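If you use the numbering used here, the sequence shown corresponds to residues 177 to 670, in order.
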Amino acid sequence: MAKDQKKQPRPKAETPKGFRDYFGADVTERKQMLDRIAAIYHRHGFDPLETSAVETVEALGKFLPDVDRPNAGVFAWQEEAVPGGGTAGDWLALRYDLTAPLARVAAQFRNDLPSPYRRYAMGPVWRNEKPGPGRFRQFYQCDADTVGSASVAADAEICAMLADALEAVGIDRGDFMVRINNRKVLNGVLEAASVSADQADDVLRTIDKFDKVGREGVLALLTTGRRDDSGAQIDGVGLTAEQAAPVLAFLTSKGEDNAATLANLRAAVGASAIGAEGVDELTQIADMLAAMGVAEDRAVIDPSVVRGLGYYTGPVFEAELTFEILDEKGRKRQFGSVAGGGRYDGLVERFTGQKVPATGVSIGVDRLLAALRAKGLAGETDIGPVVVTVMDRDRMSDYQSMAADLRAAGIRAEVYLGNPKNFGNQLKYADKRGAPVAIIQGGNEAERGVVQVKDLVLGARIAAEATLDEWKSQPAQTEVSRADLVAEVRRILG
C-alpha cells in the first residue's frame with residue numbers, strides 16, 4: 177500500500193437513527209399474532225394483498241403528512257436515467273402507509289377486481305419523521321378495507337371483524353372495547369351550532385382534546401380560551417356559549433346503552449338532516465352488530481371517539497384496551513387504543529375522478545404486540561430447537577441423521593456446528609437458543625445403540641429448586657435406545 181494512501185475507516189456497526197433490528201422472538205411473536213389476525217380476516221371473506229414497497233410520490237398524494245410540503249415525511253428520491261428504469265426525474269418514495277397503495281391498486285385494476293373489493297395487508301411502512309422513544313421510522317401496519325360499498329353493513333362488518341381479531345390473538349372480553357362514532361353526526365352538531373366554515377377545523381381540533389382537558393376545558397377552548405398548565409394563554413375559537421352547547425351535548429351524550437346514546441345524539445343534532453343521517457347510520461350499525469352476535473361488551477356506540485374526524489366522511493371506530501399496565505415509572509395506566517379506522521369515500525377519486533366509497537381499519541402492530549406481552553400472552557409457543565450435541569467430529573452424519581428424524585416428526589431440531597471440543601460450550605449454546613432438550617451420544621452410547629436425552633428445562637428447575645433426594649428421584653437425563661429417540665423427545669415436549 178502506498179504511504180500516501182489513507183486507510184479507509186471501518187464502517188460503524190449500527191442501525192440508522194430511528195430504525196431497529198428484530199430478532200428471533202420478536203419476529204416469531206409478531207408472525208404468530210398476524211397469522212391469527214389473517215385467519216379472522218380470511219374467514220370474513222377478505223383477500224390478502226401485497227403491494228410494492230415503493231410508490232410514486234404522485235400516488236401517495238394527500239396521504240402525506242403535510243400537503244404543503246409534498247415530499248415531507250417520506251423517504252423519497254428522484255429517478256435517474258437507468259436502463260430499464262423509470263423516467264428520469266420522476267419522484268419515488270417508500271410507502272408511507274398501506275392505504276395509499278390500496279387507492280392506487282383499486283384504480284389501476286378497477287376493471288379486474290371484484291366490486292366491492294375486500295382486502296387485508298400486513299407489512300412495513302416508512303416515515304421520514306423525527307424518531308423518539310417508542311417511535312420508529314420503520315414499523316409494521318395491519319390493515320383491512322372494503323372498497324366499493326356505500327352500505328354501512330361494510331362498516332359493521334369491519335367492527336365485528338376487529339372484535340373477533342382481538343379475541344383471536346388472546347385479548348379477553350372485558351379487556352377491550354370497539355367504540356363507534358360518525359362524522360356526519362358531528363357535521364350535524366356543527367350545523368346545529370351555526371359554526372361557520374372557517375371555524376370548523378378549529379372546532380374539530382378542540383373536540384379532539386376532550387380526553388385531555390375534559391368538558392370545561394373544551395368549553396373554554398370553544399369560547400374565550402383558557403390557560404394551560406404552564407400558565408400560557410390559549411386562544412379560543414370564539415363561539416358563544418349557546419353555540420358551544422350542542423357540541424358539548426354531543427361529547428357527553430354517552431348513555432347506559434346504545435339506545436340511550438342514540439337518543440341523546442338525535443337530540444344533539446337537532447333539525448340537521450346530515451346529523452340525523454349519521455344517527456340513522458349508527459342505529460343500523462348497532463342493529464347489525466347485535467344480529468352478528470357482537471354484544472355491547474365488545475362494541476358500542478360512543479361519541480367520545482373523535483380522532484380522525486377531520487379525515488373520515490362517515491362512521492369512525494377505534495379499539496381500546498381497557499386493562500391497566502405499569503408504565504416505566506411504575507404507575508398504573510390504561511393501555512389505550514390499538515386500532516382505528518372509518519369510512520373515507522374519497523379514496524380512489526384522485527385517480528379516477530369518480531367517488532368510490534371505502535371503509536377500513538388499521539391495527540397498530542407494535543402496540544398490540546406490546547399489549548400481549550404486558551398480559552403475558554406473547555411467545556407462549558416460541559420454543560427453541562432441540563440441540564443434537566457433537567461428541568465425535570467423525571460421526572457428524574450420525575448426528576445429522578438424528579436431527580433429520582426429529583424434523584421429520586415435526587420437531588424443531590439442529591446439530592451443533594461450532595467447535596465441539598468443549599462440551600460445556602455446547603450446553604451454553606443450547607441455553608442461549610432456548611433449547612428444551614439436548615441429545616448426547618458419545619462413542620460408548622453409539623456402540624450400545626442408545627442416546628442420552630437431557631431435559632434442559634427440568635434440569636434448570638431441579639438445579640434451582642430441588643433437594644438432593646428429589647434430584648435423584650427425578651433425573652433430568654435419561655438413556656433410551658436410538659430407535660426411541662423421537663418418542664422420548666415427544667414425551668418431554670408434551
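Where a beta carbon is used, it is the ideal one built from N, C-alpha and C, also for glycine. What you are looking at is a predicted structure, and each value in this text was computed from that prediction instead of being measured.
Nearest candidate by alpha-carbon position, reference residue i, set the options
i    : options                : result
P561 : G618, L548, M572, V633 : V633
A332 : S657, I477, D631       : I477
V328 : N434, Q419, R624, P491 : P491
G635 : G324, L427, L415, P612 : P612
D340 : P651, G518, H220       : H220
G656 : R667, V629, N304, T498 : For the record, residue 656 in the displayed sequence is Val; it is not Gly. Ranking R667, V629, N304, T498 by Cα distance to V656 puts V629 first.
A336 : G522, R355, G324, G350 : R355
K388 : T399, D374, F312, D404 : D404
L510 : Y487, A550, D631       : Here the sequence assigns Gln to residue 510, which means Leu is not the residue at that position. Of the candidates Y487, A550, D631, the one whose C-alpha sits nearest the C-alpha of Q510 is A550.
V365 : E664, P479, L669       : P479
A417 : V394, L236, R474, S406 : V394
L669 : A585, V627, A368, E641 : A585
D574 : R658, R543, P596, I539 : R658
N363 : G350, L380, D348       : L380
E623 : A663, R212, R571       : R571
Y487 : A269, E234, M567, R359 : R359
Buried versus exposed call for residue i [16 or more other C-beta atoms within 10 Å across all chains shown]
i    : result
V203 : exposed
S228 : exposed
L240 : Any answer about L240 is weak, because its pLDDT of 46 lies below 50 and its placement is not dependable; what the coordinates show is given next. Buried, by the Cβ-count rule.
Q254 : exposed
E494 : buried
K193 : exposed
A471 : exposed
Y592 : buried
S498 : Note on identity: in this sequence residue 498 is Thr, with Ser being the wrong assignment. When all chains shown are included, T498 counts as exposed.
E190 : exposed
T535 : buried
D631 : buried
T528 : exposed
V243 : For V243, the predicted model reports a pLDDT of 44, less than 50, meaning its position is unreliable; a value from the coordinates is still stated below. Answer is exposed; the Cβ neighbour count stays below 16.
A425 : buried
R569 : exposed
T565 : buried
A467 : exposed
N678 : Because the chain is modelled from 177 through 670, residue 678 falls outside the range shown and cannot be assessed.
N357 : buried
Boundaries (first-last residue) of the alpha helix (DSSP H) holding residue i
i    : result
Y217 : 200–219
P277 : 275–284
V445 : 434–445
L548 : 541–550
V656 : From DSSP, V656 is part of no alpha helix (DSSP H) but of the beta strand (DSSP E) over 653–657.
F174 : Limits of the chain in this structure are 177 at one end and 670 at the other, which puts residue 174 out of reach.
A326 : Note, A326: premise wrong, no alpha helix (DSSP H); not H, not E.
L553 : Looking at the DSSP string, L553 is not in any alpha helix (DSSP H), and its letter there is neither H nor E.
E418 : 417–427
N- and C-terminal bounds of the beta strand (DSSP E) containing residue i
i    : result
F315 : 314–323
M468 : M468 -> no beta strand (DSSP E), and no H or E assigned at all.
V563 : 562–564
L661 : Element bounds for L661: not the beta strand (DSSP E) but the alpha helix (DSSP H), 661–669.
P300 : 293–302
E231 : 230–232
V476 : 475–477
L270 : 267–270
Q254 : 252–254
Other residues of its chain near residue i: CB distance less than 6 Å, five sequence neighbours each side excluded
i    : result
L274 : A297, Q317, D319
L553 : G346
L415 : L398, T399
V371 : V379
Own chain residues within Cβ distance below 7 Å of residue i, not counting five before or after
i    : result
L342 : F352, A495
R294 : G221, F222, D223, T322
G484 : V492, G516, G518
N304 : G249, V250, F251, R313
F195 : F312, R313, Q314
A652 : K630, D631, L634, G635, I638
N434 : A462, E472, V476, I477
E500 : K508, R509, Q510
L545 : E205, R206, M209, A554
Closer than 8 Å: residue i CB and nearest the ligand ADP heavy atom
i    : result
L465 : This structure lacks the ligand ADP; in fact it carries no ligand of any kind.
Cut-off 8 Å between Cβ atoms - residues of its own chain near residue i, not counting five sequence neighbours on either side
i    : result
T459 : L438
A368 : P422, A444, V445, G446, A447, S448, G451
I410 : L397, G401, R402, R403, D404
A269 : V230, E231, T232, V233, L236, N247, V250, F251, A252, W253
Going along the chain, which unbroken runs of the alpha helix (DSSP H) with 4 or more residues stay wholly within the region 337–408? 359–368, 373–383, 386–398
Enumerate, from N- to C-terminal direction, the unbroken beta strand (DSSP E) stretches of 3 or more residues contained entirely within the region 569–648. 589–591, 613–616, 626–631
Jot down the residue ranges of each uninterrupted alpha helix (DSSP H) in the region 498–528, minimum 4 residues, whole runs only, in chain order. 525–528
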